[in-house]
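Notes follow the structure.
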């Protein structure tokens, strides 16, 4: 009997031990899967579903902590590839939020709020997303939840970067980077580093951005993560475009485009098709660009405002260059709605500039002027934000030690509260170092401010200069003309204009090629500068159309100067152009009439009379000068 009882006790102990081993093995497997998700390594949708299903089987119903972690993973890993996916996921998240028990942990509540905010961003609700991120950050700091501080500041920093607030973006992203590295979360650190690189690219430093992107690309290549390689390659393409290396950009985009198309990611492939189209537009390959945009339009709708806005903007650029102005305006109307939904000031700046050019080309100068004013105001707003970024850039360069120590303080507090006093002492010494560096920083801030002013002036010059002839462009010369016009009215002095264009310019391009056509335009610019001592009085206002402003010049003198201009163009053409090409121009001249009852009430009216005279010259057989009729 005793032998039997001993045998029964041994069996019972073996059963209990086996059960405990099984539980321990199951928990170890659960923790392994959680660690995989926490690492930030990319997984396929199929792999995600399999791991979540396995967790549901392995986690006990009374294991509250792991149940919460599982529910958070379910939230973050819901589908978001299409607009229907996003809306369905948001609906499910909001239903779950309404059922969260009152005893849920602060970590669960904060992370769930963060997840909800991220899906709001995917929907296009920027204000809702920003509010959710900020609320999550505040909660994470209150509970000293370091991982959530990193996650929330990384997501908010990426959103700030997208809407153009680079100062706030880098503040968040650099803090998150330090925390991820402290926690040894390489995968998430790389994702965050990509956002830092993108912030540099958006700010106007594509070289630095490419340096970071190439590091990420090498890392993902070594890991065999082809999807992330494709994503980073696309980012490199955008940076190359901003450097003007459009052919290389197309190669990068096509690599990503082919990958996502072959792997059945139609929306991401369509976004890359849109990027290819932009590069092609910059190379004036409009037909190819239009083909890619039409393909992208099959996948990208206004439910994807980020991609939709640029797709419409790029199509508007094509329509503008094709001379289909009303169609271009229709495309811009759709793009503007999407840009404003996403609070994308960078995109709106491009849109307003193009819209002003279109209205100017249509002859609607009041609308063009109004949009130009909006363009200037928005550019100033973004430039002010960029100035703030300079301060943050200094913080990134010189205050890194403070950020690292603050992150270390959070980590140590999480591990052992007793170390708080020691860390405060360490912070005091670091603050002393920062005070000693203040003088250096102020000097460097002054240097950066000087460089920024110089850069802004350079950009302003570029914005007001025609890229080929280096003469003032339409916007600049019209602004100059308005000043001279008002001065002439006020001082009652003569003011004349010559408007002229190359005869049969299309035939020159067709018969001799665009390179000779460009040389013809340069010849006209050279001859015009020989006529007037001040190059700022000459402007290129159209493809082959030029305008010369002549303050203090009466009708008789402008008539003589127009004929001198014809002679100079013929002479320079004989020197610069092929012998068989005879370059001539037709010109119309007009003089401000201030006689009572016959006053030109605006520069636009004076220009219109000169333009009518130009048409008279063309109708008279070209290669001649016609004077405008007197103002009524």
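Residue numbers (our numbering): 1 to 632. Positions of the beta carbon are idealized from the N, C-alpha and C atoms, including for glycine. Nothing here was measured: the structure is a model prediction, and the numbers come from that model.
Per DSSP, the continuous alpha helix (DSSP H) segment holding residue 189 begins and ends at 186-203. Closest in alpha carbon position to residue 295, among 487, 378, 619 and 261, is 261. Per the Cβ contact rule, the segment 565-577 is not in contact with the segment 607-616 (fewer than 3 Cβ pairs under 8 Å). Taking C-beta atoms under 8 Å as the contact rule, residue 179 and residue 140 fail to qualify, at a distance of about 10 Å. Burial check for residue 99: the Cβ neighbour count within 10 Å stays below 16, so the residue is exposed. In this structure, the CA atom of residue 268 is about 12 Å from the CA atom of residue 306.
Listed in chain order, the non-local C-beta contacts of residue 327 below 6 Å within the same chain comprise 319, local neighbours out to five positions each way being set aside. Taking residue 83 as the centre and dropping the five residues before and after it, the same chain places the C-beta of 303 closer than 6 Å to its C-beta, in chain order. A Cβ-Cβ contact shorter than 7 Å links residue 133 with residue 155.
Residue 617 and residue 590 do not touch by the CB rule: their CB atoms are close to 12 Å apart, not below 8 Å. Residue burial annotation: residue 45 is exposed, with fewer than 16 other C-beta atoms found within 10 angstroms of its C-beta. Contact between residue 195 and residue 158 holds, with the beta-carbon distance rounding to 4 Å and staying under 8 Å.
Look at residue 496 here: in three-state DSSP terms it is strand. Put simply, the backbone Cα of residue 53 is about 21 Å away from that of residue 81.
Inter-segment contact for the segment 499-506 and the segment 469-487 is absent: fewer than three beta-carbon pairs are separated by less than 8 Å. Looking from the CA of residue 350, the closest CA among 309, 363 and 34 belongs to 309.
In the three-state DSSP reduction, residue 586 falls in the strand class (E or B). Per DSSP, residue 324 is not a residue of any alpha helix (DSSP H), being assigned neither H nor E. Within the same chain, Cβ atoms closer than 8 Å to the Cβ of residue 565 are found at 498, 500, 527, 528, 531, 548, 585 and 587, the five residues on either side in sequence being excluded. When C-beta atoms of the segment 213-223 are compared with those of the segment 244-263, fewer than three pairs fall below 8 Å, so the two segments do not count as touching. Going by beta carbons, residue 232 and residue 213 fall inside the 7 Å limit. The C-beta distance from residue 270 to residue 314 rounds to 13 Å, too long to meet the 8 Å contact threshold. In this structure, residue 316 and residue 335 form a Cβ contact; the two beta carbons are roughly 7 Å apart against a cut-off of 8 Å. Residue state for residue 433 is assigned as helix, using DSSP reduced to three classes. It is roughly 11 Å from the alpha-carbon of residue 50 to the alpha-carbon of residue 43.
Collapsing the DSSP output to three states places residue 157 in a helix. In the three-state scheme derived from DSSP, where H, G and I count as helix and E and B as strand, residue 539 is classed as strand.
The beta carbon of residue 119 is closer than 8 Å to those of 78, 80, 86, 89, 90 and 93 in its chain, skipping five residues each way along the sequence. Of the residues assessed, residue 192 falls on the buried side of the cut-off, its CB having 16 or more other CB atoms within 10 angstroms. Taking the Cα positions, residue 206 is about 32 Å away from residue 519. No Cβ-Cβ contact shorter than 7 Å links residue 602 with residue 550. At a Cβ-Cβ threshold of 7 Å, residue 161 and residue 208 do not count as neighbours.
A Cβ-Cβ distance of about 19 Å is found for the pair residue 68 and residue 39, leaving them out of contact under the 8 Å criterion. In this structure, the straight-line span from the alpha carbon of residue 144 to that of residue 111 is close to 13 Å.
Taken through DSSP and simplified to helix, strand or coil, residue 579 comes out as coil. Residue 241 sits close to residue 279, with the two beta carbons spaced by under 7 Å.
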